[in-house]
Amino acid sequence: MLLDRRDLLRFGSVGLAATALPGLRANTPKKAKSVLVLWMAGGVTHHESFDPKPDAPEEIRGSLGTIPTGLPGVRFCETMPGLAKQTDLFALVRTFSPATDDHLLAQSYGLSGRKTTQAQILTEPNIGAIYSKLKGGRAGFPGYIAVPGTTRPGPPPYQLFTGGWLGAQYAPFATGGKPKNDDFTAFVKEADEEQFTKQGVTPFADLSEDRLDNRELLRSKLDDALRQADTAGVGDQYRDAFQMLTSPTVRTAFELGRESDKTREAYGKTKVGARCLLARRLVEAGAPFVLVDYGYDPEFGNLWDNHNAAGQNFPHICEMAKRPYHVAGMDRAFAALLGDLKTRGLLESTFVLFLTDFGRTPKINKAGGRDHWGPAGSIFFAGGGVKGGQVIGGTDKNGAYPTGVSYSPGDVAATLYAAVGIDQETTLYNRQNQPLAMLPAGAPIPGVLG
3 MLLDRRDLLR FGSVGLAATA LPGLRANTPK KAKSVLVLWM AGGVTHHESF
53 DPKPDAPEEI RGSLGTIPTG LPGVRFCETM PGLAKQTDLF ALVRTFSPAT
103 DDHLLAQSYG LSGRKTTQAQ ILTEPNIGAI YSKLKGGRAG FPGYIAVPGT
153 TRPGPPPYQL FTGGWLGAQY APFATGGKPK NDDFTAFVKE ADEEQFTKQG
203 VTPFADLSED RLDNRELLRS KLDDALRQAD TAGVGDQYRD AFQMLTSPTV
253 RTAFELGRES DKTREAYGKT KVGARCLLAR RLVEAGAPFV LVDYGYDPEF
303 GNLWDNHNAA GQNFPHICEM AKRPYHVAGM DRAFAALLGD LKTRGLLEST
353 FVLFLTDFGR TPKINKAGGR DHWGPAGSIF FAGGGVKGGQ VIGGTDKNGA
403 YPTGVSYSPG DVAATLYAAV GIDQETTLYN RQNQPLAMLP AGAPIPGVLG
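Residues in the sequence shown are numbered consecutively from 3, following our numbering.
Put into structure tokens, the structure is as follows:
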């Protein structure tokens, strides 16, 4: 009988346990209480960040230099000074591979942990949706929040933040708005580019507490009718919104203006900085699962998708990476976030995951960009249950292919589930009450969890 990697890992762990001395019990790592996913949709370049190749030909290494990190012999691109000093806080995986160069397939796979076809990209529930289903909300927050939850790959634009076959009630609460508005109540365009929706957690100025209570009473009277009409959880979504509106603690968590200028400056007064700072505030206030969404942007375009194709109007990838809204800004925001979580005593209880579609091509193209590259890319894990201070896996001299085992989005999802105490063998049921495997394939990445 042939064994897959999950079976080998399972039997291997049993064998190790069997060799333990009598009376000794292996240390069981504490389970993380919260999850914070840093979702950089579009395919972050690994060459200009975590996996530079200074000895490769110029058309591969580019013009940027490298810097030492806290790990002997490990170097990052010069754009990453913040995280280079914090390597003790995270486990870097340099052999992440979704085994596809397609954005939609890679993003659906990354967000769900479930390998999909083109027909399934909108049907499979996000990891956050599954977490919400199994763990529920906490402290007045819904089980899954996306900040701001407005990234839409395309064209046409696709809404990949979804509850899928679990139902719309498990889709994330999307904060919407623009991070420069501290209450996250800006008008934002919907996918059809015609309709505008006001999103956020602050009530409208003319909506008093009494009127809000009356609307909640009306909402409760409609709940039964909504359920009978099979509205796929719309009633639950309204209920979550009302609970958030009426909770002073929850509303306060969204008020970035309460942060000092020093803290806001540390994160960077950028979109990615503001989103990471808000995520920290939400986790600190008790939110169980928060996803920071930073990718396709109305101002910057397909931010990480740096082909430098006609119409993108990007500078050379090596110049782009130094900009405060690109790799340099990501490094600043992530470093501030990890340091802030540690200082506040939140890092040990918060499982942090940096995730993107895939890497970028080893060779810089003629337009000065890098194209999609499914065989290898870099991600990291930090916080609750994670053994920091290590690099897992490596790529060849050109950063093209793994020199050892590669790890899929299914493996990433399995690692996350293990960190928070969810059995990946769990069976879930869709809206037709049909049983489905929560995670059809994947195993925790060896060495990530201490």
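By construction, the Cβ of each residue, glycine as well, lies at the ideal position given by its N, Cα and C atoms.
Buried or exposed: where does ALA131 fall if 16 or more other Cβ atoms within 10 Å of its Cβ makes it buried? In the sequence shown, the residue the question calls residue 131 occupies position 129. Buried.
Nearest-angstrom Cβ-Cβ length linking ASP425 and GLY444, presumed shorter than 8 Å: Residue mapping note: residue 425 aligns to position 423 of the sequence shown, counting from 1. Residue mapping note: residue 444 aligns to position 442 of the sequence shown, counting from 1. No, ASP425 and GLY444 are not in contact; Cβ-Cβ is about 13 Å, not under 8 Å.
Measuring straight from C-alpha to C-alpha, what distance separates PHE353 and PHE316? The residue labelled residue 353 in the question sits at position 351 within the sequence shown. The residue labelled residue 316 in the question sits at position 314 within the sequence shown. Near 34 Å, if we compare the C-alpha coordinates of PHE316 and PHE353.
In chain order, what residues of the same chain have a beta carbon less than 6 Å from the beta carbon of GLY67, not counting five sequence neighbours either side? As a position in the sequence shown, residue 67 is number 65, starting the count at 1. The residues are GLU80.
Check this for me: beta carbons of PHE356 and GLY376, under 7 Å apart or not? Working through the sequence shown from its first residue, we reach residue 356 at position 354. Working through the sequence shown from its first residue, we reach residue 376 at position 374. In this structure, GLY376 does not lie closer than 7 Å to PHE356 by Cβ.
Buried or exposed: which applies to TYR298, given that a residue is buried once 16 or more other Cβ atoms fall within 10 Å of its Cβ? Position 296 of the sequence shown holds residue 298. So TYR298 ends up on the buried side.
Hey, would you say ALA337 sits closer than 7 Å to GLN88, going by beta carbons? The residue given as residue 337 occupies position 335 in the sequence shown. The residue given as residue 88 occupies position 86 in the sequence shown. Taking 7 Å as the Cβ cut-off, ALA337 and GLN88 qualify as a contacting pair.
If you draw a straight line from the C-alpha of PHE419 to the C-alpha of GLY115, how long is it? In the sequence shown, residue 419 corresponds to position 417, counting from 1. In the sequence shown, residue 115 corresponds to position 113, counting from 1. As written in the sequence, residue 419 is Tyr, which differs from the Phe given in the question. One C-alpha to the other measures close to 10 Å.
Touching by the beta-carbon criterion (3+ pairs, under 8 Å), the segment 259-272 and the segment 332-352: yes
Secondary structure at ARG154, three-state DSSP: helix, strand or coil? For this step, residue 154 is matched to residue 152 along the sequence shown. Coil, per DSSP.
Among GLY145, SER110, HIS105 and GLY390, which one has its Cα closest to the Cα of PRO157? To locate residue 157, count along the sequence shown from 1; it is residue 155. When only C-alpha atoms are compared, the closest one is HIS105.
Is there contact between the segment 143-156 and the segment 170-178, where contact requires at least three CB pairs shorter than 8 Å? yes
Please tell me whether SER380 and ASP57 are closer than 7 Å, where the distance is taken between their beta carbons. Within the sequence shown, residue 380 is the residue found at index 378, counting from 1. Within the sequence shown, residue 57 is the residue found at index 55, counting from 1. Not a contact, by the Cβ cut-off of 7 Å.
Simplified DSSP state of THR405, which is helix, strand or coil: Counting from 1 along the sequence shown, the entry for residue 405 is found at position 403. It is coil, neither helix nor strand.
Taking only the alpha-carbon atoms, compute the straight-line gap between ALA287 and THR153 and give it to the nearest angstrom. In the sequence shown, residue 287 corresponds to position 285, counting from 1. In the sequence shown, residue 153 corresponds to position 151, counting from 1. So the alpha carbons of these two residues sit roughly 25 Å apart.
Let me make sure I understand the geometry here. Which of ALA323, SER36, ALA378 and GLU350 has the alpha-carbon closest to that of LEU462? Residue 462 is absent from the model: the chain starts at 3 and stops at 452.
Local Cβ density within 10 Å of TYR296, reported as buried at 16 or more and exposed below that: In the sequence shown, residue 296 corresponds to position 294, counting from 1. Buried: at least 16 other Cβ atoms inside 10 Å.
THR47 and ARG277 closer than 7 Å at C-beta: The residue you call residue 47 lines up with position 45 of the sequence shown. The residue you call residue 277 lines up with position 275 of the sequence shown. No. Outside cutoff.
Three-state secondary structure (DSSP) of TYR296: Sequence index remark: in the sequence shown, residue 296 carries index 294 (1-based). Three-state DSSP puts TYR296 in coil, outside helix and strand.
Do you know how far the Cα of ARG433 is from the Cα of LEU258? Your numbering for residue 258 matches position 256 in the sequence shown. Your numbering for residue 433 matches position 431 in the sequence shown. Cα-Cα distance, rounded: 38 Å.
Could you check where the beta strand (DSSP E) with LEU107 kicks off and where it finishes? As a working mapping, residue 107 is identified with position 105 in the sequence shown. Per DSSP, LEU107 belongs to no beta strand (DSSP E); it is in the alpha helix (DSSP H), 105-114.
Own chain residues within Cβ distance below 6 Å of LYS117, not counting five before or after: The residue given as residue 117 occupies position 115 in the sequence shown. TYR111, listed in sequence order.
Can you give me the start and stop residues for the alpha helix (DSSP H) that GLY376 sits inside? Locating residue 376 in the sequence shown gives position 374, where the first residue counts as 1. That residue, GLY376, is in no alpha helix (DSSP H); it is neither H nor E in DSSP.
VAL329 - DSSP class collapsed to helix/strand/coil: Sequence index remark: in the sequence shown, residue 329 carries index 327 (1-based). Helix, per DSSP.
Need the endpoints of the beta strand (DSSP E) that ARG77 sits in, please. Against the sequence shown, residue 77 aligns to sequence position 75. Per DSSP, ARG77 belongs to the beta strand (DSSP E) from 77-79.
Would you tell me roughly how many angstroms separate the C-alpha atoms of PHE302 and ALA330, rounded to the nearest one? Reading the sequence shown from its first residue, position 300 is the one you call residue 302. Reading the sequence shown from its first residue, position 328 is the one you call residue 330. Spanning the two alpha carbons is a distance of roughly 15 Å.
When we look at the beta-carbon of GLY139 and count the other beta-carbons within 10 Å, is it buried (16 or more) or exposed? For the purposes of this step, residue 139 is taken as the residue at position 137 of the sequence shown. Buried, because 16 or more other Cβ atoms sit within 10 Å of the Cβ of GLY139.
Outcome for PRO70 when other beta-carbon atoms lying within 10 angstroms are tallied against a minimum of 16: Position 68 of the sequence shown, counted from the first residue, corresponds to residue 70. Exposed: under 16 other Cβ atoms inside 10 Å.
Roughly how many whole angstroms lie between the Cα atoms of ASN435 and PRO364? Sequence index remark: in the sequence shown, residue 435 carries index 433 (1-based). Sequence index remark: in the sequence shown, residue 364 carries index 362 (1-based). Spanning the two alpha carbons is a distance of roughly 46 Å.
Is GLU192 helix, strand or coil when you go by DSSP? Within the sequence shown, the letter at position 190 stands for residue 192. Residue confidence is low: GLU192 scores 39 on pLDDT, short of 50, so the model does not pin down where it sits. No coordinate-derived value is stated.
For CYS320, which residues from the same chain have a beta carbon less than 6 Å from its beta carbon, with the 5 sequence-adjacent residues on both sides left out? Position 318 of the sequence shown, counted from the start, is the residue given in the question as residue 320. Around CYS320: GLY64, SER65 and LEU66.
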